[in-house]
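Taking the working numbering, the leading residue of the sequence shown gets 30, the next gets one more, and so forth. Contents: one structure, followed by commentary.
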Amino acid sequence: MKKILFLAIILIVIITLGLPLLVNLITGPEPEAGNMKVHLFHHDSGQTEEIDLNEYITGVVAAEMPATFPVEALKAQAVAARTYVLKRLMAGGVINSEHPGADICDDHRHAQAWISKEQMKERWGVIDYYRHYYKIRQAVDATGNTVITHEGKMIDPVYHSSCGGVTEDSGSVWKYSIPYLKSVNCPYENNPRLIQTVRFTLPQAQKALGIDLTAIPVSTGSSPVETIEQTATGRVKTIRVADVDLPALLVRQRLGLRSTNFSAKIEDNQLVFTTVGYGHGVGMCQYGAKGFAEQGYSYKEILKHYYTGVEVGPMD
């Protein structure tokens, strides 16, 4: 009996680990775009590595979106990642003296996040690694050399984790308003961590913001932050703290807030921020893409919803 049980466990493991690989082999060779190379700069090692384009995109999707998301959402993320890097490759790669010889790097603050197969194993565990890796890789391969274009040119497909029900217009966050980065409704977003509350002592907030907060009243429920300007979607654009006007983006950066969709108050002698959503709010909402996929929408429909007036198809 024990021998039968042992053999059954071995069989389950073989099927779990080997089936995705078998499916991947049966589907045939990688698409033509997968033969392209990317010179990727690794911040941890300071080295530049040449890897296949599709392997790079797989690492981006693994880093940027939960592998448990539906396949159509993963496909949408893959196409966004492909468009992002190909636009830069067509322009000659990243021009940065700190990354000589590199097309792009693995730091999300500079480009797109990226993780290696070894990091995937550390994140997911060995068994889940095979399941998640081949799910993501099949999503990458299934989209071929598909990219997102607007008026015949590849777009800058920015994305974020969670918008809170409506995405933001690019002009409200950055200097210019881009035609395909308009605010759109996000009806199916379901992020269990949509709202977050963080607390700072007044000395902590004063040091981070670089302004004098000693004159702020500490009575419970008072609001030390006055909203001076909001975007059309209700996010904070400019705030006044202790008679000092600050861009909300700067406050978010210095305090490590999840978004500029926030409110603030004094409570128990602490400065308390409550944020909604995660990220700048422009472009594709990843949790919104998850919701669309769960409702049966295809990756092309998802991308065309979040990027206004675009086409989704093979790279010319």
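Glycine is no exception: its CB is placed at the ideal position from the N, C-alpha and C atoms.
Through-space distance from residue 64 to residue 227, alpha-carbon basis: Locating residue 227 in the sequence shown gives position 198, where the first residue counts as 1. Locating residue 64 in the sequence shown gives position 35, where the first residue counts as 1. If you take the alpha carbons of residue 227 and residue 64, they lie about 46 Å apart.
Range of the contiguous alpha helix (DSSP H) that encloses residue 157: For the purposes of this step, residue 157 is taken as residue 128 along the sequence shown, with counting starting at 1. Here the alpha helix (DSSP H) through residue 157 covers 155-171.
With 16 other Cβ atoms within 10 Å as the buried cut-off, status of residue 146: If you number the sequence shown from 1, residue 146 lands on position 117. With fewer than 16 Cβ atoms within 10 Å of its Cβ, residue 146 is classed as exposed.
DSSP three-state assignment for residue 342, whether helix, strand or coil: What you label residue 342 is simply residue 313 of the sequence shown in a count that begins at 1. Note: residue 342 maps to strand in three-state DSSP.
Residue 327 versus residue 101 - alpha carbon distance: Indexing the sequence shown from 1 puts residue 327 at position 298. Indexing the sequence shown from 1 puts residue 101 at position 72. Answer to the nearest angstrom: the Cα atoms are 6 Å apart.
Counterpart residues of residue 311 in DSSP-defined beta bridges: Working through the sequence shown from its first residue, we reach residue 311 at position 282. DSSP lists 197 as partners of residue 311.
With 16 other Cβ atoms within 10 Å as the buried cut-off, status of residue 329: Walking along the sequence shown from the start, residue 329 turns up at place 300. Around the beta carbon of residue 329, 16 or more other beta carbons lie within 10 angstroms, which makes this residue buried.
Neighbourhood of residue 331 by C-beta distance below 6 Å, restricted to the same chain and skipping five residues each side: What you label residue 331 is simply residue 302 of the sequence shown in a count that begins at 1. Once the five neighbours on either side are set aside, the close Cβ partners of residue 331 are 105, 318 and 321.
Three-state class that DSSP yields for residue 37 in the structure shown: Numbered from 1 along the sequence shown, position 8 holds the residue referred to as residue 37. Here the model assigns residue 37 a pLDDT of 47, short of 50, so the residue's position is not dependable and the matter cannot be decided.
Residue closest to residue 312, alpha-carbon to alpha-carbon, out of 287, 199, 302 and 324: The count along the sequence shown starts at 1 and reaches residue 312 at position 283. Considering only 287, 199, 302 and 324, the residue with the shortest C-alpha distance to residue 312 is 199.
Which of helix, strand or coil DSSP assigns to residue 97: For the purposes of this step, residue 97 is taken as the residue at position 68 of the sequence shown. Three-state DSSP puts residue 97 in coil, outside helix and strand.
Segment contact, 8 Å Cβ cut-off, at least three pairs: the region 224-242 with the region 286-302: yes
Residue 178 CB to nearest heavy atom of the ligand ATP below 7 Å: The model on display carries no ligand, and the ligand ATP is accordingly not part of it.
For residue 259, the first and last residue of its enclosing beta strand (DSSP E): On the sequence shown, position 230 is the one that residue 259 refers to. Start and end: 254-259.
C-alpha distance - residue 256 paired with residue 206, whole-angstrom precision: Sequence index remark: in the sequence shown, residue 256 carries index 227 (1-based). Sequence index remark: in the sequence shown, residue 206 carries index 177 (1-based). Approximately 22 Å between the Cα atoms of the pair.
Inside the region 281-340 only - beta strand (DSSP E) runs reaching at least 3 residues: 291-296 and 299-305
Residue 220 versus 194, 203, 275 and 212, residue with shortest Cα-Cα distance: Stepping through the sequence shown from its first residue, residue 220 is reached at position 191. Comparing Cα positions, the closest option is 194.
Expected contact under 8 Å - CB spacing of residue 169 and residue 107 to nearest Å: The count along the sequence shown starts at 1 and reaches residue 169 at position 140. The count along the sequence shown starts at 1 and reaches residue 107 at position 78. Sure, about 5 Å apart at Cβ, within 8 Å.
Residue 266 - containing alpha helix (DSSP H), residue span: Translated into positions along the sequence shown, residue 266 becomes position 237. Looking at the DSSP string, residue 266 is not in any alpha helix (DSSP H); the run it does join, the beta strand (DSSP E), is 265-270.
Reference residue 66, options 98, 114 and 334, closest by Cα: Here residue 66 corresponds to residue number 37 of the sequence shown, with the count starting at 1. It is 114.
Continuous alpha helix (DSSP H) stretch holding residue 69: start and end: The residue you call residue 69 lines up with position 40 of the sequence shown. Counting along the chain, residue 69 falls outside any alpha helix (DSSP H), though it belongs to the beta strand (DSSP E) covering 66-70.
Residue interval of the alpha helix (DSSP H) (run including residue 223): By 1-based counting over the sequence shown, the position of residue 223 is 194. Annotation for residue 223: no alpha helix (DSSP H) segment contains it, and DSSP assigns it neither H nor E.
Terminal residues of the beta strand (DSSP E) in which residue 238 lies: Position 209 of the sequence shown, counted from the start, is the residue given in the question as residue 238. Taken as a continuous stretch (DSSP letters only), residue 238 belongs to no beta strand (DSSP E), being part of the alpha helix (DSSP H) at 231-238.
Distance CB(residue 265)-CB(residue 240) smaller than 8 Å: As a working mapping, residue 265 is identified with position 236 in the sequence shown. As a working mapping, residue 240 is identified with position 211 in the sequence shown. Going by C-beta atoms, residue 265 is not nearer than 8 Å to residue 240.
DSSP three-state assignment for residue 113, whether helix, strand or coil: Here residue 113 corresponds to residue number 84 of the sequence shown, with the count starting at 1. Residue 113: helix per DSSP, three-state reduction.
Under the three-state DSSP convention, the category residue 188 falls into: The residue labelled residue 188 in the question sits at position 159 within the sequence shown. Residue state, collapsed to three classes: strand.
Beta-carbon contacts of residue 316 that lie in its chain and below 6 Å, excluding the five residues immediately before and after: As a position in the sequence shown, residue 316 is number 287, starting the count at 1. So the list reads 191, 218 and 220, once near-sequence residues are dropped.
Anticipated Cβ contact below 8 Å, residue 261 with residue 212, distance rounded: Within the sequence shown, residue 261 is the residue found at index 232, counting from 1. Within the sequence shown, residue 212 is the residue found at index 183, counting from 1. Their Cβ separation, rounded to whole angstroms, is 6 Å, which keeps residue 261 and residue 212 in contact under 8 Å.
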